[in-house]
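Residue numbers (this note's numbering): 225 to 415. C-beta: ideal position from N, C-alpha, C; glycine also. These figures come from a predicted structure and were not determined experimentally.
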């Protein structure tokens, strides 16, 4: 998805607006006001408010997939691969806190592209589950529920932006703390 310069500006302002008022609480008129243009002028650059939500949801989903592919294509020890996955997924979340917030909460308001987005999320979860299962198998770790473990990891990573103040905690410190908590919790005495 390649956005034009004006669309990027619209997206940036929409992210602020959706974060502040929620997707359903925001209108095209609100967005136009924040951009200091007439609402009708927006339609020269967007089809609808939903298109902006599509840009947000599908855009960050693509970032998650790109990082996952990079992890899958590395040839490193299984435990390091798990560390790398946690680092890369969390990096996308923390680099895009407001977008992640909208993605995590507002995706349900996609209408036209909702089935496609649900399928995309399922595919991502399945790819992560496969990666985690392969890592556990290679390390001879006991994995009672690959599906639950995957959902637990993704939920923890995707919602981590709630736990830390924007200016006081460094991304590296946050990543290290979450990675250590997940690995210790998952591996226990196997660590």
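- prompt: Out of 346, 299, 281 and 344, which has the shortest C-alpha to C-alpha gap to residue 317?
  reply: The residue you call residue 317 lines up with position 93 of the chain shown. Comparing Cα positions, the closest option is 281.
- request: Report all residues from its chain with a CB closer than 7 Å to the CB of residue 277; omit the five preceding and five following residues, and keep chain order.
  value: One-based indexing of the chain shown puts residue 277 at position 53. Counting only Cβ-Cβ distances below 7 Å, and skipping sequence neighbours, we find 247, 330, 333 and 334.
message: Do residue 274 and residue 343 have their beta-carbon atoms positioned less than 8 Å apart in this structure?
response: The count along the chain shown starts at 1 and reaches residue 343 at position 119. The count along the chain shown starts at 1 and reaches residue 274 at position 50. Not in contact: residue 343 and residue 274 (Cβ atoms no closer than 8 Å).
- prompt: Distance, Cα to Cα, residue 299 vs residue 339?
  reply: Here residue 299 is taken as the residue at index 75 of the chain shown, counted from 1. Here residue 339 is taken as the residue at index 115 of the chain shown, counted from 1. Cα-Cα distance, rounded: 34 Å.
query: Any idea if residue 379 is buried or exposed, counting beta-carbon neighbours within 10 angstroms, 16 or more meaning buried?
result: Along the chain shown, one-based indexing puts residue 379 at 155. Exposed, by the Cβ-count rule.
field: residue 368 versus residue 325 - alpha carbon distance
entry: Residue mapping note: residue 368 aligns to position 144 of the chain shown, counting from 1. Residue mapping note: residue 325 aligns to position 101 of the chain shown, counting from 1. Answer to the nearest angstrom: the Cα atoms are 30 Å apart.
query: Looking only at C-alpha atoms, which of 345, 327 and 359 sits nearest to residue 295?
result: The count along the chain shown starts at 1 and reaches residue 295 at position 71. Residue 295 has its Cα closest to that of 359, out of 345, 327 and 359.
message: Taking the alpha helix (DSSP H) that residue 273 belongs to, which residues open and close that run?
response: For the purposes of this step, residue 273 is taken as the residue at position 49 of the chain shown. Run containing residue 273: 273–296, per the alpha helix (DSSP H) assignment.
message: If I follow the unbroken alpha helix (DSSP H) through residue 333, where does it start and stop?
response: To locate residue 333, count along the chain shown from 1; it is residue 109. Neither: residue 333 is in no alpha helix (DSSP H) and is coded neither H nor E.
message: Tell me which residues share the same chain as residue 262 and place their Cβ nearer than 7 Å to its Cβ, disregarding the 5 neighbours each side in the sequence.
response: Here the question's residue 262 lines up with position 38 in the chain shown. Taken in chain order, the residues that qualify are 256.
Endpoints, alpha helix (DSSP H) assigned at residue 238: Here residue 238 is taken as the residue at index 14 of the chain shown, counted from 1. Element bounds for residue 238: 229–245.
field: Rounded straight-line distance, which links the Cα of residue 341 to that of residue 381
entry: For this step, residue 381 is matched to residue 157 along the chain shown. For this step, residue 341 is matched to residue 117 along the chain shown. About 19 Å.
field: Length of the line joining the Cα atoms of residue 258 and residue 237
entry: As a first step, residue 258 is located in the chain shown; it is residue number 34 there, counting from the start. As a first step, residue 237 is located in the chain shown; it is residue number 13 there, counting from the start. Answer to the nearest angstrom: the Cα atoms are 7 Å apart.
- prompt: Excluding five sequence neighbours on each side, which residues of the same chain lie with their C-beta closer than 7 Å to the C-beta of residue 252?
  reply: The count along the chain shown starts at 1 and reaches residue 252 at position 28. Only 263, 266 and 273 meet the Cβ criterion.
- prompt: Comparing alpha-carbon positions, which option in 226, 383, 352 and 385 lies nearest residue 279?
  reply: Mapped onto the chain shown, residue 279 falls at position 55. Checking every option, the nearest Cα to that of residue 279 belongs to 226.
- prompt: Between residue 370 and residue 351, what straight-line distance do the alpha-carbon atoms span, to the nearest angstrom?
  reply: Reading the chain shown from its first residue, position 146 is the one you call residue 370. Reading the chain shown from its first residue, position 127 is the one you call residue 351. Those two C-alpha atoms are separated by around 11 Å.
query: Would a C-beta distance cut-off of 8 Å place residue 288 and residue 348 closer than the cut-off?
result: Within the chain shown, numbered from 1, the residue matching residue 288 stands at position 64. Within the chain shown, numbered from 1, the residue matching residue 348 stands at position 124. A contact, by the Cβ cut-off of 8 Å.
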